[in-house]
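For reference, the structure is listed below as structure tokens.
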Amino acid sequence: CDLEIRGYHVGKDKIYALVNPVSDEVAKNEAGRLDDVHVEAFKKVIAELSVAAGYKLEPSDFDRGRLTQSKFRDFLDGLVAQNWLAEDDDKFLTYGPRSYLELTENLREAGVDVPQIIHL
């Protein structure tokens, strides 16, 4: 398993993590946890944030696709718990550290201002 240490600095916050940049068995197993409905929802959430002011939205502002409201909220809570999304004090959702570290190129292609990523 090829792992990289990546990080970024935002203000006084310094975030570092081990990232698997390779599509290997570990990555495939992790990706296999989501069914097609949740993969579609994840892509929509990431895309919708890219065009939102300040890259943040209230949970009710997202297109929940084929998920019920309660299942979509559980899905968002899971994304926060896994650090794909972050929730601020006002309950707005934005990109979490994992999105910046693992989806850097995807976010840049969508026009998102991504913090400079540090490879250690």
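Numbered as in my numbering, the sequence shown ends at 899 without a single skipped number.
For every residue, glycine included, the Cβ atom is placed at its ideal position computed from N, Cα and C.
At the level of alpha carbons, what is the spacing between residue i and residue j?
i, j, result
"Phe841", "Val801", "30 Å"
"Ile825", "Pro876", "13 Å"
"Glu819", "Arg843", "10 Å"
"Gly857", "Ala865", "11 Å"
"Glu884", "Asp814", "23 Å"
"Lys791", "Tyr879", "17 Å"
"Trp863", "Ala832", "18 Å"
"Gln861", "Tyr874", "11 Å"
Does residue i pass the burial test, meaning 16 or more other C-beta atoms within 10 Å, or should it be called exposed?
i, result
"Ser839", "exposed"
"Ser849", "exposed"
"Leu828", "buried"
"Thr847", "exposed"
"Arg785", "buried"
"Leu855", "buried"
Mind checking whether residue i and residue j have CB atoms under 8 Å apart?
i, j, result
"Ala896", "Tyr787", "Note that residue 896 corresponds to Ile in the displayed sequence, not to Ala. The answer is yes: Cβ separation under 8 Å."
"Leu886", "Val893", "yes"
"Phe871", "Lys822", "no"
"Glu881", "Val789", "no"
So what does residue i bridge to, in DSSP terms?
i, result
"Leu836", "Leu872"
"Arg785", "Ala796 and His898"
"Glu866", "Leu872"
Is the closest heavy atom of the ligand GDP to the C-beta of residue i under 7 Å?
i, result
"Asp868", "Although the ligand GDP was asked about, the structure shown includes no ligands whatsoever."
If residue i sits next to residue j, beta carbons under 8 Å apart, how far is it from one beta carbon to the other, in whole angstroms?
i, j, result
"Val816", "Arg845", "5 Å"
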